[in-house]
Amino acid sequence: MTEHKRGQRARSRKQSGRIPATRILGMAGMVLCAACALMHPSTSLAASMAHPVVSAEPDPISAENSDMLSEQQLPTAESPLNIPLTTELPSPLPGKVPLTPPGRAGTLRLPGLAETPPKATDIPEFPTLDDLEVEARLERLAKLPPSLGLDVVRTGLTQKGRRYRRAGASPATGFDCSGFTQWTFHQHGIRLPRSASEQYSEGRTIPRSQLRPGDLVFYKINKRRWHVGIYMDDGVFVHSPRPGRGISESDMNDPYWSSRYLGARRYIR
Numbered sequence: 003m004t005e006h007k008r009g010q011r012a013r014s015r016k017q018s019g020r021i022p023a024t025r026i027l028g029m030a031g032m033v034l035c036a037a038c039a040l041m042h043p044s045t046s047l048a049a050s051m052a053h054p055v056v057s058a059e060p061d062p063i064s065a066e067n068s069d070m071l072s073e074q075q076l077p078t079a080e081s082p083l084n085i086p087l088t089t090e091l092p093s094p095l096p097g098k099v100p101l102t103p104p105g106r107a108g109t110l111r112l113p114g115l116a117e118t119p120p121k122a123t124d125i126p127e128f129p130t131l132d133d134l135e136v137e138a139r140l141e142r143l144a145k146l147p148p149s150l151g152l153d154v155v156r157t158g159l160t161q162k163g164r165r166y167r168r169a170g171a172s173p174a175t176g177f178d179c180s181g182f183t184q185w186t187f188h189q190h191g192i193r194l195p196r197s198a199s200e201q202y203s204e205g206r207t208i209p210r211s212q213l214r215p216g217d218l219v220f221y222k223i224n225k226r227r228w229h230v231g232i233y234m235d236d237g238v239f240v241h242s243p244r245p246g247r248g249i250s251e252s253d254m255n256d257p258y259w260s261s262r263y264l265g266a267r268r269y270i271r
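Heads up, the sequence shown stops at 271 in our numbering, and the numbers go up one at a time, no gaps.
Next up, the structure:
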């Protein structure tokens with residue numbers, strides 16, 4: 003065999019061992035595709051963690067009182083009190099400590115609060131009516147002639163079961179006793195002072211024998227603590243009692259309440 007033929011065979015063997023460039027590019031593309039497929043689930047997971055989907059939970063109190071809410075035709079959202087933040091707010095009552103809203107710097111001060119924070123020993127077991135008594139009172143209430151005071155009572159009852167919250171004055175946060183009365187009357191265009199003692203100092207004095215639906219009834223729980231509720235009928239009032247209790251009805255003739263009764267005020271003409 004000539005030297006020329008041996009050289010050709012050697013070169014052909016070397017060329018047969020090489021991998022064509024197009025094949026290399028094809029294999030690289032497959033590897034990249036596989037890597038993208040593996041990375042895609044983790045990317046989706048990271049995106050979902052960065053932007054979680056928040057499902058709006060229904061308000062159980064509004065759902066439970068939906069029939070009464072529809073009758074009252076109240077706004078579905080919380081009704082603001084229309085107090086501009088730039089307005090200079092009145093000074094709190096003597097002996098009251100201003101509250102700074104959570105999560106904000108101490109620049110915004112609320113007007114006088116309803117009650118001084120009670121100690122654990124100051125929180126009584128407020129007596130309330132049982133379900134059968136409440137149903138009987140509501141049936142009696144439904145038979146009364148229409149009036150603005152009755153509408154105020156029905157508005158208050160739409161929040162029945164709403165939790166107590168110190169300094170609370172809206173369905174979104176919960177209510178203390180005077181925050182509940184203030185919010186309820188505000189739904190009918192009547193502006194009440196913020197604290198129970200201030201609400202007691204205004205309005206028209208009403209004897210107990212002349213109480214009618216929509217009047218405010220006041221109690222002095224102890225030397226430091228006031229309480230207020232909305233009179234319904236037949237000696238029953240609705241109120242936001244204390245921490246751990248929702249808005250409910252109580253009997254004015256109960257010994258606990260009758261011994262602490264201060265008086266009544268009327269804000270409705």
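Backbone N, C-alpha and C fix where the C-beta goes; we use that ideal spot for every residue, glycine too.
Arginine 267 burial status per 10 Å Cβ neighbour count (16 or more: buried): buried
Just checking, does the region 253 to 262 make contact with the region 176 to 193 on the three C-beta pairs under 8 Å criterion? no
Short of 7 Å in beta carbon distance, which residues of its chain neighbour tryptophan 185, apart from the five on each side in sequence? Order them along the chain. Ala171, Ser172, Phe177
In three-state DSSP terms, what is tyrosine 263? strand
Should methionine 32 go down as buried or exposed, given a rule of 16 or more other Cβ atoms within 10 Å for buried? exposed
First and last residue of the beta strand (DSSP E) that includes arginine 206? 206 to 208
Through-space distance from phenylalanine 220 to tyrosine 202, alpha-carbon basis: Rounded to whole angstroms, tyrosine 202 to phenylalanine 220 spans 7 Å at the Cα level.
Quick check: the Cα distance between proline 209 and glycine 151, rounded to an integer number of angstroms? 16 Å
Whose CA, out of Ser250, Leu218, Gly248, lies closest to the CA of tyrosine 263? Leu218
Take phenylalanine 239 as the anchor and find which of Met29, Glu200, Val155, Tyr166 has the nearest alpha-carbon. Val155
CA nearest to the CA of glycine 265, picked from Ile63, Thr207, Glu141, Glu137: Thr207
Specify the secondary structure class of leucine 218 as computed by DSSP and reduced to three states. strand
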